[in-house]
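J.: Questions regarding the structure given below will be posed in turn.
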Amino acid sequence: MGKTMKNSSLKTHIGDIFSFAGLLLCVIVFSILSKGKLWSAYNLGVLVQQTCVYAILAMGAVFIYSMGYMDISLGAQVGVYCLLLILITNASGSLILGFVSILAIAILCGLINGYVSVKLGLPSIVTSIFLNAIFGGAQMLIMERLGTNSISMDQKLTFFKQMPVMLAAIVIIALISVFLYQYTQLGKLVKGIGANETATSISGVNTTKWKVLAYVFFGVCIAVGALFLTARTNSAGKGTGAGYAMDIMVSLLLGGMPLSGGMRSKISAALVGTFTYVILANGLILSGVSTTLIYIIKAIVFMAVILMTCRKKDGVLPR
Amino acid sequence: MAEILLEIKKMSKSFGPIVALKDVDLTVSRGEIHGLIGENGSGKSTITSIAAGMQAATAGEMFFKGQPWKPDSMVHAQAKGISMILQEANTIPNCTVAENLFAGQEDRFSRFGLVNKREMNREADALLAKFGLEHIHGKDVINKYGFEDRKLVEIARAVTDETEILVVDETTTALSFEGREILYRIMHEMAEKGKAIIFISHDMDEILEQCTVLTVLRDGEIRGTLNREQMTAPGAVSEIRKLMVGRDIGDKFYRSDYDPSCSGEVVLSFEHVSTAQIKDFNLEIHAGEIVGLGGLSGCGMHEIGRLAFGIGDIDSGHVRLRGEDIKDSVDAVGKGIGYISKNRDQEAVILEGPIGVNIVQPSLRDLGKNIVIRPSEEKKMSREQIDLLAIKCTGENQWVNTLSGGNKQKVSFAKWIAKGSNVVIMDCPTRGVDIGVKQAMYQLITDMKHEGKAILMISEELAELIGMADRMIIMKDFRAVKEFTRSPELSETDIIEYMI
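Chains as they are written, first to last, in our numbering: chain A, 8 to 326; chain B, -15 to 484.
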């Protein structure tokens, strides 16, 4: 009996071991390849800036991925929110008004994303394709009207660029996520929906309500992420947010998140995954790999992770 | 001593790490009706499926009529003389009865590649008549006939002049009283002609009435073989049960009392409920009452169970709990109703998840009243249920998909006991569960009754309904056709005629 217990606990933790080992490997390899530049004070600042946005977005996305759903509208949403944040803040002079506005829109989109897919019986990826198109279109439209390639913030958001603030943001969002995930119905039920939606619904769970709430929390994370992204670049344009949906997906996979959701989902996947991903991307540049090749290397890493995690019997591909 | 037809020596079969058969020796002689009995997973069907060519053994030898026997397919085995009738439907839909009967033998009726349909139909009718099945016609499309008649067509197909051994694998559960009589007659006729039958059934009475030899299996091993005298000796039934389970389970299997009384308070009610198929269904279930709902599988009883839980559309009428309409499953659970689905793995439990998560799930909304759910409370709740139901596991963190069928079923019971549901709808609650666990569940259901819970027990096993229910409703064609009150005199034969 003792042996089987040991085996099963090893089995449940093997994913964690893999993802932490991956992070450690990245750190070691790139420390050597970059000749220590990875840990220079300047580069640490860059790492934290990048990780901050990704980690916040990824922690919100965990709630969606836990249900076995995917969201590809993330990047386009981030782009539009950054633009709106700058426009509203510049026009009114109030950052708070700007942030509250994009937060409201993000929550509204969460509601739409959740409700529409449930009520129309559509797979959530379809509604997210739709939202992606809408937001992508909106981003183009705004830039067309403005007639420029990028706009910038009048006031400098130096407060949100400080390293302690960014780290604190990661910690606060992480604490909130872990709390919601481990100690409230929301986390327990999104995992239940991912593992077996019918059984969860027959347990008397209003699955629609919890799906929508998960999307709402995701929306809040997108709005906060957009704020930190704007603070970092101080500007936004046509390309803002492009590729983020994929980056987040790859990060979560690197962190050991099953794409089919369910009981093996975890918040730590967002943190471990984004750290690994950011160090990977940053380390490649520091090691002198040309930026054009980085995409191809990312693609190879993505394939490798998929092959390693998806070839299990219980599979991790989304429905 | 009759000639030995089939001899199995030291047969073993394993599926990966799971051992289904261990060094089994079995002989079947001419003129025998050889019963095989045992709990689920004891290896009954494994033996016969190997002998009939459906799969190969891992080790061991077989001899058929004295020759080494290694069938490579069911068709091969059937041509050589071992035929098998299965539990599940096995006819080809959208074809005629004659085409089904002679599937694979069309050459017999064809000339220049064209099949002579008329001749085939005529021969089919002759064949059916031989089995006393004049009401089935060769030219009709098979879909026209019900499940039972299709089963009889299968029997006619399986039994040919060349058949030496006929394997009947839990076929009788699908058959009505008359269907069973026809099958028994065919079996006895064959035995008289010096052929042999291997008869697998869960129904102890049927086994004792029909078989001449009985082999009892447990955990892939033969635990005992009884001849006709031993089978009819007094106390044989409890002896056989003991061999099957491995311990004395005593006489107390079902409820021991015959007191059908319950409180006068109506808890769950169906008032003139109609759906696309069900017409004007009425039912009242009282607190402390076990209502049994029985019938053939397609009679609508499973639909009634789902409606009682708020699943499915009602055209008119009301399903109410203490006078309030049940809107959907969320509402049903809120009103204190629990539902144990027949599709356990799809609907009742999350296989890919820990036992604790499953047990707690319906209660999360109570635990989460003040937003925060304390892990210690969840753990306490799961532990209590694991102890109460004696779920065999390493702890609440073990995943459900690693449990045996009976323990999985206990988890789906535990969900509603933990929730404290006052009304529990059980659809086939002991399906695929071993006798030992069954007994524990019956005790649990009896306790629930005494606690004043209302129970709707839907089952395809009449014996279980007779043994447990205060009141039994028999359904046929989506209607309630007959009601019985609990009584020691009630027997399956009294009920069966209303089902078919």
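Beta carbons are placed, not taken as given, at the ideal position from N, Cα and C, and that holds for glycine.
1. Where does ASN211/B land, buried or exposed, given buried means 16+ other C-beta within 10 angstroms?
2. Relative to the alpha-carbon of SER405/B, which residue among MET483/B, VAL317/B, ARG14/B, ILE375/B has its alpha-carbon at the smallest distance?
3. Just reading off the alpha helix (DSSP H) that THR469/B is part of, what are its end residues?
4. So with CB distances below 9 Å, who are the chain A contacts of ILE17/B?
5. Chain B beta carbons: is any one of them nearer than 7 Å to that of GLY322/A?
6. Relative to chain B, which residues along the stretch 196 to 217 of chain A have a C-beta separation below 8 Å, given in chain order?
7. Could you check whether the Cβ of ILE339/B sits closer than 7 Å to any Cβ belonging to chain A?
8. What did DSSP end up calling TYR284/A once you bin it into helix, strand or coil?
9. With a threshold of 6 Å, establish whether the CB of LYS263/B neighbours any heavy atom of the ligand ADP.
10. How about ILE334/B: is its C-beta nearer than 7 Å to some C-beta of chain A?
11. Identify whether MET522/B lies in helix, strand or coil by the three-state DSSP scheme.
12. Can you tell me the Cβ-Cβ gap for THR30/B and LYS(-3)/B, rounded? I've got them flagged as a contact below 8 Å.
13. Secondary structure at ILE439/B, three-state DSSP: helix, strand or coil?
14. Can you tell which of SER26/B, ILE324/B, MET441/B, THR378/B has the C-alpha that lies nearest to the C-alpha of GLY230/B?
15. Are the stretch 211 to 222 of chain A and the stretch 287 to 303 of chain A touching, with three or more C-beta to C-beta distances below 8 Å?
16. Are PRO346/B and TRP383/B closer than 7 Å when you measure CB to CB?
17. Alpha carbon to alpha carbon, what distance is there between ILE79/A and ALA140/A?
18. Which same chain residues, not among the five before or five after LYS319/A, have their C-beta less than 8 Å away from its C-beta?
19. Rounded C-beta distance between ILE184/B and THR386/B? I'm assuming under 8 Å.
20. Are the stretch 252 to 266 of chain A and the stretch 277 to 289 of chain A touching, with three or more C-beta to C-beta distances below 8 Å?
21. Consider the Cβ of LYS319/A: report whether some Cβ of chain B lies at a distance smaller than 7 Å.
22. So for PRO472/B, helix, strand or coil by DSSP?
23. In or out: MET365/B buried (at least 16 other Cβ within 10 Å) or exposed?
24. Taking the continuous beta strand (DSSP E) assigned at ILE570/B, which residues delimit it?
25. Kindly list, in the order they appear in chain A, the residues whose Cβ is closer than 7 Å to that of PRO413/B.
26. Can the beta-carbon of GLU268/B be found less than 7 Å from the beta-carbon of SER253/B?
27. Just to make sure I have the definition right: I need the residues of chain A whose C-beta is within less than 9 Å of the C-beta of GLN89/B. Which are they?
28. In chain order, what residues of the same chain have a beta carbon less than 8 Å from the beta carbon of SER475/B, not counting five sequence neighbours either side?
29. Please determine, among VAL257/B, LEU348/B, ALA453/B, the residue with the shortest C-alpha to C-alpha distance to GLY278/B.
30. Report yes or no: is there a C-beta of chain B within less than 7 Å of the C-beta of TYR72/A?
31. What whole-angstrom Cβ distance do GLY340/B and VAL200/B have, given they're in contact under 8 Å?
32. Could you tell me whether the Cβ atoms of LEU373/B and ALA398/B are closer together than 7 Å?
33. Looking at the unbroken beta strand (DSSP E) that takes in THR207/A, where does it start and where does it end?
34. Note down the Cα distance separating PRO325/A from TYR76/A, rounded to an integer number of angstroms.
35. Closer than 9 Å between beta carbons: that is the criterion. Which residues of the stretch 167 to 178 of chain A meet it against chain B?
36. I want to see whether chain B comes within less than 7 Å of ILE24/A, judged by CB atoms only; does it?
T.: A quick look at the data gives this:
1. Numbered from its first residue, the second sequence carries residue 211/B at position 227. Exposed.
2. Along the second sequence, read from residue 1 onward, the residue named residue 405/B stands at position 421. For SER405/B, the nearest C-alpha among the options comes from VAL317/B.
3. Here residue 469/B refers to the residue found at position 485 of the second sequence. Counting along the chain, THR469/B falls outside any alpha helix (DSSP H), though it belongs to the beta strand (DSSP E) covering 463 to 469.
4. Here residue 17/B refers to the residue found at position 33 when the second sequence is read from its first residue. The premise fails here: ILE17/B is roughly 43 Å from chain A at the closest Cβ pair, so nothing lies under 9 Å.
5. Stepping through the first sequence from its first residue, residue 322/A is reached at position 315. A caution first: GLY322/A carries a pLDDT of 43, below 50, which makes its placement in the model unreliable, though a value can still be read off. Chain B, which has no Cβ nearer than 7 Å to the Cβ of GLY322/A, makes this no.
6. LEU196, LYS198, GLY199, ALA202, ASN203, THR205, ALA206, THR207, SER208, ILE209, SER210, GLY211, VAL212, ASN213
7. Walking along the second sequence from the start, residue 339/B turns up at place 355. No, no contact with chain A.
8. One-based indexing of the first sequence puts residue 284/A at position 277. In the structure shown, TYR284/A sits in a helix (DSSP, three-state: H, G or I).
9. Of the ligands one can find in the structure shown there are none, so the ligand ADP has no counterpart to examine.
10. Numbered from its first residue, the second sequence carries residue 334/B at position 350. Output row for ILE334/B: interface = yes.
11. The structure shown does not extend to residue 522/B, since chain B spans only -15 to 484, so no value can be given for it.
12. For the purposes of this step, residue 30/B is taken as the residue at position 46 of the second sequence. For the purposes of this step, residue -3/B is taken as the residue at position 13 of the second sequence. At roughly 5 Å, the Cβ-Cβ gap stays under 8 Å, so THR30/B and LYS(-3)/B are in contact.
13. Locating residue 439/B in the second sequence gives position 455, where the first residue counts as 1. Residue state, collapsed to three classes: strand.
14. As a position in the second sequence, residue 230/B is number 246, starting the count at 1. The residue with the shortest Cα to Cα distance from GLY230/B is SER26/B.
15. no
16. Mapped onto the second sequence, residue 346/B falls at position 362. Mapped onto the second sequence, residue 383/B falls at position 399. No, the Cβ-Cβ distance between PRO346/B and TRP383/B is not below 7 Å.
17. On the first sequence, position 133 is the one that residue 140/A refers to. On the first sequence, position 72 is the one that residue 79/A refers to. When rounded, the distance between both Cα atoms is 10 Å.
18. Locating residue 319/A in the first sequence gives position 312, where the first residue counts as 1. Unreliable placement is indicated for LYS319/A, whose pLDDT of 49 sits below 50; no coordinate value is reported for it.
19. Along the second sequence, read from residue 1 onward, the residue named residue 184/B stands at position 200. Along the second sequence, read from residue 1 onward, the residue named residue 386/B stands at position 402. Incorrect: roughly 28 Å between the Cβ atoms, too far for contact.
20. yes
21. For this step, residue 319/A is matched to residue 312 along the first sequence. A caution first: LYS319/A carries a pLDDT of 49, below 50, which makes its placement in the model unreliable, though a value can still be read off. Not one chain B Cβ lies under 7 Å of LYS319/A.
22. Numbered from its first residue, the second sequence carries residue 472/B at position 488. Coil, per DSSP.
23. Numbered from its first residue, the second sequence carries residue 365/B at position 381. MET365/B comes out buried.
24. The requested residue 570/B is not part of the displayed model; chain B covers only -15 to 484.
25. Taking the second sequence and counting its residues from 1, one reaches residue 413/B at position 429. Going along chain A, no residue has its Cβ under 7 Å from PRO413/B, so there is no contact; the nearest lies around 15 Å.
26. Mapped onto the second sequence, residue 268/B falls at position 284. Mapped onto the second sequence, residue 253/B falls at position 269. Against a cut-off of 7 Å, the Cβ pair of SER253/B and GLU268/B comes out as a contact.
27. Working through the second sequence from its first residue, we reach residue 89/B at position 105. Per Cβ cutoff of 9 Å: no residues; GLN89/B is ~41 Å from chain A at best.
28. As a first step, residue 475/B must be located in the second sequence, where it is residue number 491. Answer for SER475/B: ILE450, listed in chain order.
29. The count along the second sequence starts at 1 and reaches residue 278/B at position 294. Cα-wise, what sits closest to GLY278/B is ALA453/B.
30. By one-based count along the first sequence, residue 72/A stands at place 65. Chain B contact via Cβ: absent.
31. Mapped onto the second sequence, residue 340/B falls at position 356. Mapped onto the second sequence, residue 200/B falls at position 216. Not really, about 37 Å apart at Cβ, beyond 8 Å.
32. Residue mapping note: residue 373/B aligns to position 389 of the second sequence, counting from 1. Residue mapping note: residue 398/B aligns to position 414 of the second sequence, counting from 1. Yes; because the gap between Cβ atoms is below 7 Å, this pair is in contact.
33. Translated into positions along the first sequence, residue 207/A becomes position 200. Note, THR207/A: premise wrong, no beta strand (DSSP E); alpha helix (DSSP H) at 204 to 209.
34. Working through the first sequence from its first residue, we reach residue 325/A at position 318. Working through the first sequence from its first residue, we reach residue 76/A at position 69. Bear in mind that a pLDDT of 41 at PRO325/A, under 50, signals an unreliable position, so the model cannot answer this.
35. none
36. Residue 24/A sits at position 17 when you count from the first residue of the first sequence. Output row for ILE24/A: interface = no.
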